[in-house]
Every structure is written in structure tokens, then in C-alpha cells.
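Colleague: Protein chains in written order, with the numbering used here: chain X, 79 to 252; chain V, 79 to 252.
Virtual Cβ for every residue (Gly too), placed ideally from N, Cα, C.
My questions will all concern the structure given below.
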Ligand SMILES: [Ca+2]
Ligand SMILES: [Ca+2]
Ligand SMILES: [Ca+2]
């Protein structure tokens, strides 16, 4: 998988000990890896559901597994989202308000209609607040769907014609 | 919401006692309702995640809630899926094999490429088997995505041109 990792990479140990011989992790192994590395800190560990979406986001060959280079790509994105979340969650309660989540999405550069934003906020809230796990699930999904869309929007017209099978392929795993 | 329900409807009691004054349930209330009615029987109760997708499937006005008539529509679909699942899960272990899930999807009338099917099976498996909760989540999502697609495919050509915002609206809540 593209060159030996630097020995000083603190995640390398966690990753390889869990990945085993094939050098890749599935969703359950990814969950274990992120939990052992205490990635979520004072927040609750990631649900298996969120880990599945993380895998799907980077799983361009549809094997359901993730290698170390994809894992590092995931961590880069997640560190950004975590910083954003911690900034909004000032009292460290582990939740942010829907309007803060809405600001965060806009800050990330997504331009969405109020209707689309509203649908997202409803979907990822529990009792009117958004937990870190759901926040990350939302960020992962939004990024993956947007990438799938952009990759097909070669003229950058903001419109893509999907065949049914391709539409299902782009959306069901997320 | 469209006429008084017949008093003999066994789900009416569960639904109204949980829905409260607004006559609608959110994802947490739907989970409680299905658990109290013991809908899953010997299988584990539905996860909150699956209940969120159930709400999103029928939530045409994006309120994040479900009325009794939508709830009954959900139950009709779910009874069909449950019968299918029980048929395949002969030993009542609570899981089916991926190839059985693949047969079930085909039986439901979906025509998908091996690649799309494979992506779905990977996504909803745990240790190579599919639990009832994930099976239902998969059925709900596949039905909702297919309906969203069909509603836009008015010429029935199997192809739809999506604007970015509409694509996100159709997919993020599921
Ligand atoms: Ca892979
Ligand atoms: Ca907070
Ligand atoms: Ca509604």
C-alpha cells in the first residue's frame, strides 16, 4: 500500500495490530481501531453504523474494507470535522445545536437550500441536538455524496444524469 | 388524518399512546412504538438508525415525523419484508446469508447489476451475515431511493437528471 509508513505515525500501531495480515480493516475493525486510539476523546465512541459509512466513503473498489492510506485520508478529514465540532460544543456536552450544525455545513463550503439543510438537521438530531457520532456520520455522507456527484458532473454544470443502477450504487452504501 | 381509525386496529393503541397530542411520532417514538408492539418478535428490536430511515422514507413534507396513516403504510411494507426474511432465516438465528438477501432483493422486483448488489450486501453485513434490523434498513432505503428516482423519471427511461441540491435532498435523509 504505497511505501512503508513512517515509524513515528502514532496510528500505524493501532491500525496494523487490528488489520491483521490483509492490511485492511472492515467496519468492525475500524470501530475498534478508532476506539482504542481514543479518537473521540471525551465523546462517545463511534457507532458501527458511522464506521460503515466511513468505509463506504473511501471504498472505491467496493470491497467493504479500508487500507492504511485510505485510513489516513479519513483521519485528515475527521480531524477537520472534530475541530469544527469542538469549536461549537463549547460546554463539551457532546452535542451541538441544529443551527450550529447548519453553520458548520456552510463553513465547509456546501451550498444547500433551506429545505435540504432542514432535512439534514432533522435526520441527524436526537431531541433537537446533534451528537458527535451523528455529526461525523453526516459529514462523511455529505462529502461522499458530493464527491460521487462531482465525479459525474464533468462539465461542472451542477446537474448529473444518473442511470438507475448507478444512482443506487452511489447512494445505497452510504 | 383521514377519518377515525377502526377501534379494532391493534396498532392504534400503541401509536396514539406514544404519539401524544400532535398525533405524530418521531424516530425515537417510532422505535418505542415498534418495540412495545413487539413487532420484531424473537429478533432484536429495531435500532434508532433504522427507525430514522423509516421516518425519512415516508416523510414527504420533511417534518421528521410520521402520522398514523403513514405508520400503517410502513407496517404493510414491513410485513412483506418480515415474511421474506423469516422464510430465509429457517433456523431463526436472526440472520440471513448474503446470497439469500440478494435473492430477496431480486424477488422484490429490483433489477440491479452484480456490482450494485455486491455493494449493498457488503454494506449491510456483519461478519458475513445480515441481521433483521439491517435487512429492514436496506429494504427501506432501497424502496425510498427507488421511489425518489421513479418520481423524477416521468418518461420511464431509467435515467434522471438531478440538480445537486435535489440529489442531496433525495439521499441525505436516508
Ligand atoms: Ca476497498
Ligand atoms: Ca454543547
Ligand atoms: Ca411528516
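Let me know the beta strand (DSSP E) ranges lying completely inside the region 95 to 131 of chain X, each 3 residues or longer, listed in chain order.
Modeller: Counting whole runs of 3 or more residues, the region 95 to 131 of chain X contains no beta strand (DSSP E) stretch at all.
Colleague: Going along chain X in order, which residues have a C-beta closer than 7 Å to the C-beta of residue 208/V?
Modeller: Ordered by position in chain X, no residue passes the 7 Å Cβ test against residue 208/V, which lies about 13 Å from the chain.
Colleague: Buried or exposed for residue 100/X, please, with buried defined as at least 16 other CB atoms from any protein chain shown within 10 angstroms of its CB.
Modeller: Residue 100/X should be labelled exposed.
Colleague: For the region 210 to 223 of chain V, which residues have a beta carbon sitting closer than 7 Å to at least one beta carbon of chain X?
Modeller: Against chain X - using a Cβ distance shorter than 7 Å - the residues of the region 210 to 223 of chain V are 219, 220 and 223.
Colleague: Quick check on residue 233/X: buried or exposed, where buried means 16 or more other Cβ atoms within 10 Å of its Cβ?
Modeller: So residue 233/X ends up on the exposed side.
Colleague: Is residue 143/X closer than 8 Å to residue 133/X when the C-beta atoms are compared?
Modeller: Cβ atoms of residue 133/X and residue 143/X: closer than 8 Å.
Colleague: By DSSP, does residue 243/X sit in helix, in strand, or in coil?
Modeller: Correct three-state label for residue 243/X: helix.
Colleague: Which same chain residues, not among the five before or five after residue 216/V, have their C-beta less than 6 Å away from its C-beta?
Modeller: Excluding positions up to five away in sequence, the list reads 202.
Colleague: For residue 111/V, collect the residues of the same chain with a Cβ closer than 7 Å to its Cβ; drop the 5 residues on either side in sequence, then sort them by chain order.
Modeller: Within the same chain, residue 111/V has close Cβ partners 92, 93, 96 and 103.
Colleague: Between the Cα of residue 89/X and the Cα atoms of 225/X, 145/X and 237/X, which residue gives the shortest distance?
Modeller: For the residues 225/X, 145/X and 237/X, the minimum Cα distance to residue 89/X belongs to 145/X.
Colleague: Just by C-beta distance, which residues in the region 190 to 208 of chain V are closer than 8 Å to chain X?
Modeller: Here the close residues are 190, 191, 193, 194, 196, 197, 198, 200, 201, 203, 204 and 205.
Colleague: Do we get a CB-CB distance below 8 Å when we pair residue 158/V with the residues of chain X?
Modeller: So no, residue 158/V is outside the interface.
Colleague: For residue 109/V, which residues in chain X fall below 8 Å Cβ to Cβ?
Modeller: Per Cβ cutoff of 8 Å: no residues; residue 109/V is ~11 Å from chain X at best.
Colleague: Taking the continuous alpha helix (DSSP H) assigned at residue 160/X, which residues delimit it?
Modeller: It spans 146 to 166 - the alpha helix (DSSP H) in which residue 160/X sits, taken as one unbroken run.
Colleague: Taking the Cβ atom as the reference point for each residue, do residue 241/V and residue 237/X lie within a distance shorter than 8 Å?
Modeller: For residue 241/V and residue 237/X, yes; Cβs fall inside 8 Å.
Colleague: Is residue 204/V helix, strand or coil when you go by DSSP?
Modeller: Three-state result, residue 204/V: strand.
Colleague: Look at residue 136/V and residue 152/V and say whether their C-beta atoms are less than 8 Å apart.
Modeller: It is a contact, given that the beta carbons lie within the stated cut-off.
Colleague: What in chain X is Cβ-close to residue 130/V, meaning under 8 Å?
Modeller: Per Cβ cutoff of 8 Å: 201.
Colleague: When DSSP labels each residue in this structure, what does residue 173/V get in the three-state scheme?
Modeller: In this structure, residue 173/V counts as strand in the three-state DSSP scheme.
Colleague: For the alpha helix (DSSP H) containing residue 188/X, list its first residue and its last residue.
Modeller: Where residue 188/X is concerned, there is no enclosing alpha helix (DSSP H), given that its DSSP letter is neither H nor E.
Colleague: Under the three-state reduction of DSSP, which class applies to residue 140/X: helix, strand or coil?
Modeller: DSSP places residue 140/X in coil when its eight states are reduced to three.
Colleague: Measuring CA to CA, which of 194/V, 115/V, 213/V and 106/V is closest to residue 159/V?
Modeller: Looking at the Cα atoms, 213/V is the closest of the given residues.
Colleague: Let me see if you follow: with CB-CB separation under 8 Å, is residue 249/V close to chain X or not?
Modeller: Answer yes: the Cβ-Cβ gap between residue 249/V and chain X drops below 8 Å somewhere.
Colleague: Is the Cβ of residue 234/V closer than 8 Å to any Cβ of chain X?
Modeller: No - not a single Cβ of chain X is within 8 Å of the one on residue 234/V.
Colleague: Determine whether the beta carbon atoms of residue 140/V and residue 197/X lie at a separation below 8 Å.
Modeller: It is a contact, given that the beta carbons lie within the stated cut-off.
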